[in-house]
Amino acid sequence: DTLNKRVPKQLRLKVGAQVILVKNRADLGLVNGSRGTVVAFRFGQPLVRFDTGDLVRMREEQFEMRGSGGAKLIRSQVPLKLGWALTVHKAQGMTLSRAELEVDGAFEVGQTYVALSRLTGTDGLWISGRGIIPARTKAHPEALAFYEEAAAALHPGT
Numbered sequence: 448d449t450l451n452k453r454v455p456k457q458l459r460l461k462v463g464a465q466v467i468l469v470k471n472r473a474d475l476g477l478v479n480g481s482r483g484t485v486v487a488f489r490f491g492q493p494l495v496r497f498d499t500g501d502l503v504r505m506r507e508e509q510f511e512m513r514g515s516g517g518a519k520l521i522r523s524q525v526p527l528k529l530g531w532a533l534t535v536h537k538a539q540g541m542t543l544s545r546a547e548l549e550v551d552g553a554f555e556v557g558q559t560y561v562a563l564s565r566l567t568g569t570d571g572l573w574i575s576g577r578g579i580i581p582a583r584t585k586a587h588p589e590a591l592a593f594y595e596e597a598a599a600a601l602h603p604g605t
């Protein structure tokens, strides 16, 4: 179900749960990928302390998309998902303040870059596993060619 990829059908939370916001909330200064912790429940709604320090009572919101055949699908859900772990692909487009990365198994070009570039800084970065292995850190051939051409243009004859 395509809608399930955006927002879970069922969301079970408890105090202490690590969560991730699944949509931008500019009105709150929060973005897709903002991390937080459920600290309490008020009126059946989770109260989340985000890494920004903001304490926000999260209410259900409507998520809409088109299904097969053009049918309009609508789901009401709190815009959160559990955030204990993510794949690099799931983290694409997110901004994370902290993450533990295990990239020694990276298998696609640019995968290590995508993982590292999700973070807002190095203070929240922890690299586990065997670390960053140069032979497994693959750049896209077109990106490499671009930088080689740029270097040659900046430093001709070297």
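Residue numbers (the numbering used here): 448 to 605. Ideal Cβ positions, reconstructed from N, Cα and C, are used throughout, including at glycine. Note that this is a predicted model, so its numbers are computed, not measured.
Cβ-based neighbour list, THR484, same chain, cut-off 8 Å, excluding 5 preceding and 5 following: GLY463, ALA464, GLN465, VAL466, VAL495, ARG496
So, at 8 Å on beta carbons, what are the nonlocal neighbours of ASN479 in its own chain, with the 5 sequence-adjacent residues on each side left out? LEU468, VAL469, LYS470, ASN471, GLY540, MET541, THR542
Can you pull the DSSP bridge partners for PHE497? Partner residues in the beta bridge of PHE497, as assigned by DSSP, are GLY483.
Reduced DSSP secondary structure (H/G/I, E/B, other) of LYS537: Of the three classes helix, strand and coil, the one that applies to LYS537 here is helix, per DSSP.
Under the three-state reduction of DSSP, which class applies to LEU591: helix, strand or coil? helix
Near ARG506, what residues of its chain come up, given a Cβ to Cβ distance below 8 Å and the 5 sequence neighbours on each side ignored? GLN492, VAL525
Have a look at LEU475 and HIS602 and give me their C-alpha separation to the nearest angstrom. 47 Å
Taking three-plus beta-carbon pairs below 8 Å as touching, is the stretch 591 to 600 in contact with the stretch 563 to 574? no
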